[in-house]
Amino acid sequence: MDEKGTCPLPGDRWLSPAQRLSRVAAALLALGACGAVLTRVVHSQTLADQSQSRSIRDLLEKQTLELINRDRAAPEYLAETRGRARPLLWDDRLAAVARAHSEEMAREGYFSHDSADGASPAERISSAGIPWARVSENIASCRTIGQAESTFMDEPKFEQNHRWNILNPDYTRVGVGIAKGSDGMLYITEDFAQLR
Numbered sequence: 001m002d003e004k005g006t007c008p009l010p011g012d013r014w015l016s017p018a019q020r021l022s023r024v025a026a027a028l029l030a031l032g033a034c035g036a037v038l039t040r041v042v043h044s045q046t047l048a049d050q051s052q053s054r055s056i057r058d059l060l061e062k063q064t065l066e067l068i069n070r071d072r073a074a075p076e077y078l079a080e081t082r083g084r085a086r087p088l089l090w091d092d093r094l095a096a097v098a099r100a101h102s103e104e105m106a107r108e109g110y111f112s113h114d115s116a117d118g119a120s121p122a123e124r125i126s127s128a129g130i131p132w133a134r135v136s137e138n139i140a141s142c143r144t145i146g147q148a149e150s151t152f153m154d155e156p157k158f159e160q161n162h163r164w165n166i167l168n169p170d171y172t173r174v175g176v177g178i179a180k181g182s183d184g185m186l187y188i189t190e191d192f193a194q195l196r
């Protein structure tokens, strides 16, 4: 028996929950258990894994918003923001556009502001029905969101670059989308907008 009072399968003690589930599934099949039961168990585990992945993604996206707004408010950047950069508001529509782009980059293994079909950030945002006066996009492929934000903010001051997108006082809304690639990298898209 293990610490929880259950009887693990032989060699189970050091397995992850997913590996244990795999062993249990194999044992049920070996015993001739009903395939429908196994399907429900595996499906439930898959849904739980997807839900956990979405929760982690949502947390990382909101933390990115916090990093962006921290930089917009930082006293050391007052010369660039002229003290006019207010905290950006989260926009679910922009986030959906950003997330779709990050997921496509992670899935297809490319890194570009343009989609696989050639659509620009402005075209993707317009296609989503978002009325904008001004838009821009930051993308990164990094191990952490902190690394991405640092990379953006290390760019030259007073130039039209990723840093300027973050600090630009004209922007009022942002949506962030994050996807993890098979290479273990986080594909991060930040879509900024001044809405009409």
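Letter 74 of the sequence shown, counting from 1, is numbered 74 in the numbering used here, and no numbers are missing.
Using N, Cα and C, we set each Cβ at its ideal position, and we do this for glycine too.
Nearest to residue i by CA position, among the options, is which residue?
| i | options | result |
| --- | --- | --- |
| K62 | Q194, A193, T189 and L195 | T189 |
| M185 | L195, A79 and R107 | R107 |
| F192 | N168, G181 and C142 | N168 |
| R134 | I178, N165, R99 and N69 | N165 |
| T81 | N69, M105 and D114 | N69 |
| C142 | R99, A179, L78 and P75 | A179 |
| E76 | H162, Y187, S182 and D154 | D154 |
| L60 | D91, D114 and G177 | G177 |
| R196 | Y187, G181 and Y171 | Y171 |
| S182 | M105, V97 and S112 | M105 |
So, helix, strand or coil for residue i, using DSSP?
| i | result |
| --- | --- |
| R134 | strand |
| Y110 | coil |
| T64 | helix |
| G146 | helix |
| E123 | helix |
| Y77 | helix |
| E103 | helix |
| A179 | strand |
| L57 | Inspection of the sequence shows that residue 57 is occupied by Arg rather than by Leu. Note: R57 maps to helix in three-state DSSP. |
| F158 | coil |
| L88 | coil |
| D71 | helix |
| A95 | helix |
State the CB to CB distance for the pair residue i and residue j, rounded to an integer number of angstroms; the pair is presumed to be in contact (CB under 8 Å).
| i | j | result |
| --- | --- | --- |
| R93 | I130 | 5 Å |
| A116 | Y110 | 7 Å |
| R173 | L88 | 6 Å |
| G175 | D91 | 5 Å |
Take the Cβ of residue i as the centre, count every other Cβ of all protein chains shown within 10 Å, and call the residue buried at 16 or more, exposed below.
| i | result |
| --- | --- |
| V42 | Low confidence applies to V42: its pLDDT is 47, below 50, so where it sits in the model is not reliable enough to give any reading. |
| F158 | exposed |
| F152 | buried |
| R217 | For residue 217 there is no data in the structure shown, the boundaries of the chain being 1 and 196. |
| R84 | exposed |
| S136 | buried |
| S55 | exposed |
| S102 | buried |
**Prompt:** Are at least three pairs of beta-carbons, each pair with one atom in the segment 142 to 150 and one in the segment 115 to 131, less than 8 Å apart?
**Reply:** no
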